[in-house]
Amino acid sequence: MKDKLKQLKKSALVDLEKAKNIESLQDFEVRYFGRKGIYTLLVKDLPKLSVEDRKEMGRAANEIKTEIQEAIKTRQTELQAERLGNIAKEEWIDKTLPGLCPEVGHLHITSQAIEEIASIFTRLGFVRRKYPEIEWDWYAFESLNMPASHPARDEWETFFIDLPEGKPRQGRGEKGKIVLTPHTSSGQVREMERGKLPIRMMNISKTYRRQSDVSHTPMFHQFEGLFIDEDVSIASLKGVLDYFARSFFGEGRRTRLRPFHFRFTEPSFEIDISCDVCGGTGKLEDGSKCRLCKEGWLELGGAGMIHPNVLKAGGIDPKKYNGFAFGWGVERTFMMKEGMKIDDIRLLYKNDLRFLEQF
Ligand code: FA5
């Protein structure tokens with residue numbers, strides 16, 4: 110019995126070392142001290158011994174049990190420390206690292222430009238208004254001195270909406286077909302119809318034409334200014350456009366007025382700005398032609414003194430009042446800002462975040 114107890118202690122201490130985690134430690138306890146454990150079965154033989162031996166062996170068995178149980182406790186503490194150490198290693202977090210910021214979006218570059226344009230004209234006293242994007246032919250063309258058969262209409266490459274034609278309008282003929290507004294000038298007569306003079310109106314809106322190439326998209330934006338009062342001069346128009354060009358592009362860029370023809374203004378001009386991609390030369394550094402402007406200048410939009418027929422269509426007496434209007438492309442305008450160097454307008458609406466996040 111003595112030898113068996115010695116042997117048990119030895120093998121128990123070796124087995125204990127082999128326990129590599131809390132679970133195997135629990136198995137160990139069951140294996141030695143469970144109902145059918147090695148120790149339990151051994152001490153079951155004690156009653157078979159003589160009284161003397163039973164006393165001695167009983168004490169020895171108790172001492173061994175206490176020793177092994179102490180060793181179990183120590184091993185348990187070691188394994189727990191080891192486990193916490195592993196958790197700390199595996200799940201370690203550096204609390205001093207900056208947190209993960211949720212992605213914050215920003216306005217599309219066109220919306221940013223619209224805000225900037227609106228703020229410049231607001232400083233000059235223009236008031237922003239919204240007019241329909243789906244419009245009667247009357248406001249888009251007819252009231253702007255462009256009768257149905259006039260070839261100038263072809264330049265607007267219009268999207269027509271397949272709806273029944275409008276009912277006759279009292280005293281003004283028919284409103285005609287329904288179109289997607291090809292230009293913001295369709296707000297001119299609507300603004301005049303409000304019947305409030307003088308007018309300083311700004312209309313910034315989506316416009317649509319059947320066009321798509323490096324400098325045209327089927328949907329684009331225009332901003333339109335309409336100024337009507339008594340004795341308005343071309344000098345006032347030029348002053349407003351110069352103020353805008355200086356505020357938006359800075360002093361370094363050149364603008365030019367080119368005589369042009371619009372049916373709704375007389376005289377009419379087109380406003381050009383020196384191209385930022387090629388520096389106004391029409392040629393790139395490698396000698397090739399500038400893909401965007403081709404000749405150093407890029408057309409921003411049109412302008413002119415309002416035609417008397419348009420004032421009449423809006424119910425305003427052209428003998429008493431006159432005024433000017435201008436309409437520019439928003440995208441073309443900001444593409445010509447210094448450093449933009451966007452050589453294909455269609456990139457703006459491809460929704461490629463790698464492109465859009467740059468602005
Ligand atoms: C007009 O639309 C006239 N309504 C402008 C106007 C208003 C003249 C008031 C006189 C008085 P135009 O067709 O040239 O004009 O277009 C004006 C500008 O819109 C162009 O110079 C260009 O900057 C922009 N634009 C025209 N079509 C497109 C297109 N498909 N994609 C992007 N920008 C365009």
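Numbering follows the numbering used here, with no gaps: position 287 of the sequence shown is 396. Where a beta carbon is used, it is the ideal one built from N, C-alpha and C, also for glycine. All values reported here derive from a predicted model rather than from experimental measurement.
query	result
Segments of 4+ residues assigned as alpha helix (DSSP H) that fall wholly inside the stretch 143-200	147-152 and 160-199
Neighbourhood of Ile-243 by C-beta, 8 angstroms cutoff - its chain only, sequence neighbours within 5 removed	Ile-270, Ile-287, Val-288, Leu-289 and Thr-290
Outcome for Glu-397 when other beta-carbon atoms lying within 10 angstroms are tallied against a minimum of 16	With the sequence shown as reference, residue 397 is identified as Ser, and Glu is not the correct amino acid for it. Counting Cβ neighbours within 10 Å, Ser-397 comes out exposed, since fewer than 16 surround it.
heavy atom of ligand 3 below 7 angstroms from Ile-454 C-beta	Ligands present in the displayed structure are limited to ligand 1, and ligand 3 is not among them.
Under 8 angstroms between C-beta atoms of Val-419 and Phe-373	yes
Trp-437 CB to nearest heavy atom of ligand 1 below 7 angstroms	yes
When Asp-340, Cys-402, Lys-174 and Phe-230 are compared against Gly-389, the one with the closest alpha-carbon	Cys-402
Element boundaries [beta strand (DSSP E), containing Glu-379]	374-383
Inter-residue CB distance, Ile-177 and Ala-121 (contact presumed, cutoff 8 angstroms)	5 angstroms
Unbroken stretches of the beta strand (DSSP E), 3 residues or longer, contained in the stretch 265-335	287-289 and 308-317
DSSP-derived helix/strand/coil call for Thr-390	coil
Element boundaries [alpha helix (DSSP H), containing Met-444]	439-444
6 angstroms Cβ shell around Ala-222 - same chain, five flanking residues per side excluded	Val-439 and Phe-443
Inter-stretch contact (C-beta, 8 angstroms, three-pair minimum) for the stretch 313-332 and the stretch 237-257	yes
Val-236, enclosing beta strand (DSSP E) - first and last residue	236-238
Supposed close pair Glu-379, Glu-408 - CB separation, criterion 8 angstroms	6 angstroms
Cβ pair Leu-114, Leu-151 closer than 8 angstroms	yes
For Gly-413, the first and last residue of its enclosing beta strand (DSSP E)	406-415
Cβ-heavy atom distance, Thr-267 to ligand 1, below 7 angstroms	no
At least 3 beta-carbon pairs within less than 8 angstroms: the stretch 336-344 vs the stretch 430-437	yes
Where Ile-243 sits in the DSSP three-state scheme	strand
Simplified DSSP assignment, three categories, for Phe-433	strand
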